[in-house]
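**Student:** Before anything else, here's the structure in question.
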Amino acid sequence: MSPEEIHMSTAIMSLTNQRIERSPGHTATIYLKEARYEFLKNLRLRMYTASVLSFPIMFYVLFGLVLNAKESLAGTRVPTYLIATYGTFGVMGASLFGTAAGLASDRGLGWLQVKRASPMPPFAYFVAKVITSMIFSTIIVLALFTLGIVLGGVRMPVAEFAKLLGTLTVGALPFSAMGLALGYFTGPNSAPATINLIYLPMSFCSGLWVPFMFLPKIVRQIALALPPYHLSQLALGIVGAGRNESNATHWEVLAAFTMICLGVARIGFQRDQEKMYG
Amino acid sequence: MIATLEQPRRTAMVSPQHVVASLEGVNKNYGDVRALRGVDFAVRAGEVVALLGPNGAGKTTAVKLLLGLLQPTAGKARVFGGDPTNPENRMLTGAMLQVGRVPETLRVREHIDLFSSYYENPMPLAEVLAAAGLEKLTDRKFGDLSGGQRQRVLFALAICGNPDLLFLDEPTVGLDVEARRTLWDEIRRMVDRGKTVLLTTHYLQEADALADRVAVINQGEIIAQGTPAEIKAKTAGKRIRCITSLSLDFVRQIPGVTGVKEDREAIEIHGVEAEPIVRELLARDARLAGLEVTSAGLEEAFLALTQDNGQNGNQFN
Chain R
1 MSPEEIHMST AIMSLTNQRI ERSPGHTATI YLKEARYEFL KNLRLRMYTA
51 SVLSFPIMFY VLFGLVLNAK ESLAGTRVPT YLIATYGTFG VMGASLFGTA
101 AGLASDRGLG WLQVKRASPM PPFAYFVAKV ITSMIFSTII VLALFTLGIV
151 LGGVRMPVAE FAKLLGTLTV GALPFSAMGL ALGYFTGPNS APATINLIYL
201 PMSFCSGLWV PFMFLPKIVR QIALALPPYH LSQLALGIVG AGRNESNATH
251 WEVLAAFTMI CLGVARIGFQ RDQEKMYG
Chain X
1001 MIATLEQPRR TAMVSPQHVV ASLEGVNKNY GDVRALRGVD FAVRAGEVVA
1051 LLGPNGAGKT TAVKLLLGLL QPTAGKARVF GGDPTNPENR MLTGAMLQVG
1101 RVPETLRVRE HIDLFSSYYE NPMPLAEVLA AAGLEKLTDR KFGDLSGGQR
1151 QRVLFALAIC GNPDLLFLDE PTVGLDVEAR RTLWDEIRRM VDRGKTVLLT
1201 THYLQEADAL ADRVAVINQG EIIAQGTPAE IKAKTAGKRI RCITSLSLDF
1251 VRQIPGVTGV KEDREAIEIH GVEAEPIVRE LLARDARLAG LEVTSAGLEE
1301 AFLALTQDNG QNGNQFN
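The listed protein sequences correspond, in order, to chains R and X. The first sequence: position 226 = 226 (this note's numbering), numbered continuously. Numbers given in this note's numbering equal positions in the second sequence, counted from 1, plus 1000.
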């Protein structure tokens, strides 16, 4: 072999060596365990459950069941309407805090390096965070439903219920992507404050706290550019309180937003990589 | 002057065993900071090697290069003959790094279960728990553990995959004497099972207790290598204290002097042998007073080795 050939074959070897050969069963086990422990970790984190789970539920009980239970909004009873909006609010919080806060802390305080020094498949770490966000999103929406059905007289066909739950759970994806991007560009101490700084104004402007039609005109125009607005409109459309905009547009905006956030997260990932490898 | 040892008799110590991890002419810069300078260093199969040096000497950088978490600015890091970033190598290595925060709400057993799952042939949980002395803490959450217990969990994560090569970065930092000795016993048990170990430490005593071979590193350079006995023989000199009008610079250039520092009204001199130095001092300064000669302790010997030619004086303790 000529030196070039030897060089080539080493290059090919190092390329093919980039993955560890594992059986599909073993790989699945790793992904499952990673997700399971990520879920348990957050579930036991009072900081996480207290803010992420209790706020949307508390708001729903107060504004949807105690105060305005007999009222209607856009032809839909308030307890039903608010499942869609506080559901969106809950999904967004669970996803942002679940991904960004954990990632920023793991990156900043050395834990991610310990994991990277191990043979963990790198992707498993991120997938675990996204799956955990989706599970918490489902829990929040189911809690709102249960309260609505038992205390607010909410009734809807099973198919509609399934569609609403499915839409909101899938809605965890864009915000998990946003969380990954934030997690790469914030530090362990600044992450929670940064998340709140984005999460709370975005929720307000998207009509998740004050129903959309009561918002000032300028805010309503801003809302059109905000991902939570589009997710909440998809959810409201299912319970018959949408603004008759195109669902396809809502999905497209959310998909584009997800891609942009993943792109930003990728830049952060590579920047970290270069910092380590540079 | 800095003591430079001849190459240790490695071949006699560990017969023709092969190198499993090495740094070859490695430089590593962080911006303008030169963390490692021309480091040549090898770990052979079955050996326990200690990288000994003060904080900021470049020990952690060396370990991270060998773990593929950093890339050298120049030179080559190799593990099992290949690139340390090769994921296959990670199956054969375990690492204990210094971590700011470990997920605190997971239990000891859960942390080990997850890390074990990454490996092809992990050790059984009971064995890991026994080897790391965690049997009674299995169901404890990480956040409820003491400093020593936390170090033992990190140690357990390093060994749970049953790796051939272990990297332990300051495994006993911040531990009290008892916890340190417990962890030493655990490391020795791993060595008895035939593991190769590279550990970093800033305690000569720790290197002495565990290592077959010690490499002393300071300011990014390896300044001495040898068996713990060789390092001690080379460094365990005498400490001379006296009140003199001689300048520090003058004393420093007396043959055999390895370090000089001011100590209140007196000066403290470290040297290989006391007699020639004392003879010279007395010859040069007839009014010299308060002369004391003592044997340097291990830590002082190490200090003499790593002192930057006396220029920075006594900068670490």
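Using N, Cα and C, we set each Cβ at its ideal position, and we do this for glycine too. Bear in mind that the values here come from a model prediction, so they are computed numbers and not experimental data.
Under a three-way DSSP split, which group does Val1269/X fall into?
**Tutor:** Sequence inspection shows Ile at residue 1269/X; the Val mentioned does not correspond to that position. Here Ile1269/X sits in strand by DSSP.
**Student:** Comparing the C-beta of Asp1329/X with each C-beta of chain R, is any distance below 8 Å?
**Tutor:** What the structure shows of chain X is the stretch from 1001 to 1317, and residue 1329/X is not part of that stretch, so it cannot be assessed.
**Student:** Name the residues in the region 90–110 of chain R whose C-beta lies less than 7 Å from a C-beta of chain X; which are they?
**Tutor:** Ser105, Leu109 and Gly110
**Student:** Spatial neighbours of Trp1184/X within its chain, please: CB distance less than 8 Å, with the 5 preceding and 5 following residues excluded, ordered by chain position.
**Tutor:** Thr1172, Glu1206, Ala1209 and Leu1210
**Student:** In chain X, what lies closer than 9 Å to Lys41/R by C-beta?
**Tutor:** Pro1103, Glu1104, Thr1105, Leu1106 and Glu1110
**Student:** Classify Phe123/R as buried or exposed, calling it buried when 16 or more other Cβ atoms lie within 10 Å of its own Cβ.
**Tutor:** So Phe123/R counts as exposed.
**Student:** Starting from Gln113/R, find everything on chain X with Cβ-Cβ shorter than 7 Å and list it in chain order.
**Tutor:** Leu1069 and Leu1097
**Student:** Count the C-beta pairs between the region 231–249 of chain R and the region 81–90 of chain R that are closer than 8 Å, then say yes if the count reaches three, no if not.
**Tutor:** yes
**Student:** Would you verify that the beta carbon of Arg116/R is, or is not, closer than 8 Å to some beta carbon of chain X?
**Tutor:** yes
**Student:** Is any beta-carbon of chain X found at less than 8 Å from that of Tyr37/R?
**Tutor:** yes
**Student:** Taking three-plus beta-carbon pairs below 8 Å as touching, is the region 1088–1096 of chain X in contact with the region 1070–1078 of chain X?
**Tutor:** Between the region 1088–1096 of chain X and the region 1070–1078 of chain X, the count of C-beta pairs closer than 8 Å stays below three; the two stretches do not touch.
**Student:** According to the Cβ coordinates, are Gly1161/X and Phe1115/X closer than 8 Å?
**Tutor:** yes
**Student:** Which parts of the region 1109–1195 of chain X are runs of the alpha helix (DSSP H), unbroken and 4 residues or longer, counting only runs that do not cross its ends?
**Tutor:** 1125–1131, 1147–1159 and 1177–1192
**Student:** Could you say which of Thr194/R, Glu21/R, Arg22/R and Ala235/R lies nearest to Ala104/R if we only look at CA atoms?
**Tutor:** Thr194/R
**Student:** Got a sec? Which residues, its chain only, sit under 6 Å from Gly1221/X by beta carbon, not counting five neighbours each side?
**Tutor:** It should be pointed out that residue 1221/X corresponds to Glu in this sequence rather than to Gly. The residues are Arg1037.
**Student:** By Cβ distance below 8 Å, which residues in the same chain neighbour Leu1145/X in space, the five residues on each side in sequence not counted?
**Tutor:** Val1108, Leu1137 and Val1153
**Student:** Between Ser51/R and chain X, is the shortest Cβ-Cβ distance under 8 Å, so that the two count as touching?
**Tutor:** no
**Student:** Tell me where the beta strand (DSSP E) around Ala1057/X begins and ends.
**Tutor:** Ala1057/X -> no beta strand (DSSP E), and no H or E assigned at all.
**Student:** Considering only the alpha carbon of each residue, which of Gly240/R, Tyr199/R, Leu40/R and Pro216/R lies closest to Phe161/R?
**Tutor:** The residue with the shortest Cα to Cα distance from Phe161/R is Gly240/R.
**Student:** If you drop the 5 nearest sequence neighbours on each side, which residues of the same chain put their C-beta closer than 6 Å to that of Ala1057/X?
**Tutor:** Here Ala1057/X has Ile1217 and Asn1218 as same chain residues with Cβ atoms under 6 Å from its own Cβ, once five neighbours each way along the sequence are excluded.
**Student:** Since Gly64/R contacts Leu82/R with CB under 8 Å, what's their CB separation in whole angstroms?
**Tutor:** 4 Å
**Student:** Using 8 Å for Cβ pairs, my map puts Val1293/X next to Val1272/X. What's the rounded Cβ distance?
**Tutor:** With 8 Å as the limit, Val1293/X and Val1272/X do not qualify as a contact, their Cβ atoms being about 13 Å apart.
**Student:** Met1123/X CB to nearest chain R CB: under 8 Å?
**Tutor:** Chain R, which has no Cβ nearer than 8 Å to the Cβ of Met1123/X, makes this no.
**Student:** For Leu1023/X versus Ala1062/X, is the C-beta distance shorter than 8 Å?
**Tutor:** yes
**Student:** By the 7 Å beta-carbon criterion, what residues does the region 1069–1093 of chain X contribute toward chain R?
**Tutor:** Leu1069, Leu1070, Gln1071, Asp1083, Asn1086, Pro1087, Glu1088, Arg1090 and Met1091
**Student:** Would Leu1157/X pass as a contact of His1202/X if the rule is Cβ separation under 8 Å?
**Tutor:** no
**Student:** Can you tell me whether Ser1295/X is helix, strand or coil according to DSSP?
**Tutor:** Ser1295/X: strand per DSSP, three-state reduction.
**Student:** Between Arg44/R and chain X, is any beta-carbon pair separated by less than 8 Å?
**Tutor:** yes
**Student:** Under 8 Å, Cβ to Cβ, is there at least one residue of chain X near Met156/R?
**Tutor:** no
**Student:** Whose C-alpha, out of Val141/R, Ala117/R, Glu21/R and Thr258/R, is nearest the C-alpha of Leu226/R?
**Tutor:** Thr258/R
**Student:** First and last residue of the alpha helix (DSSP H) that includes Arg1287/X?
**Tutor:** No alpha helix (DSSP H) contains Arg1287/X, which DSSP labels as neither H nor E.
**Student:** Does Ser14/R pass the burial test, meaning 16 or more other C-beta atoms within 10 Å, or should it be called exposed?
**Tutor:** Here the model assigns Ser14/R a pLDDT of 42, short of 50, so the residue's position is not dependable, and the following value carries that caveat. Counting Cβ neighbours within 10 Å, Ser14/R comes out exposed, since fewer than 16 surround it.
**Student:** Just the C-alpha distance for Lys1028/X and Lys1076/X, rounded to the nearest angstrom, thanks.
**Tutor:** 10 Å
**Student:** Answer yes or no: do Pro1103/X and Lys41/R have a C-beta to C-beta separation smaller than 8 Å?
**Tutor:** Yes, the Cβ-Cβ distance between Pro1103/X and Lys41/R is below 8 Å.
**Student:** Secondary structure at Tyr1030/X, three-state DSSP: helix, strand or coil?
**Tutor:** Strand at Tyr1030/X.
**Student:** Since Arg107/R is in the beta strand (DSSP E), which residue starts that stretch and which ends it?
**Tutor:** Counting along the chain, Arg107/R falls outside any beta strand (DSSP E), though it belongs to the alpha helix (DSSP H) covering Gly102 to Gly108.
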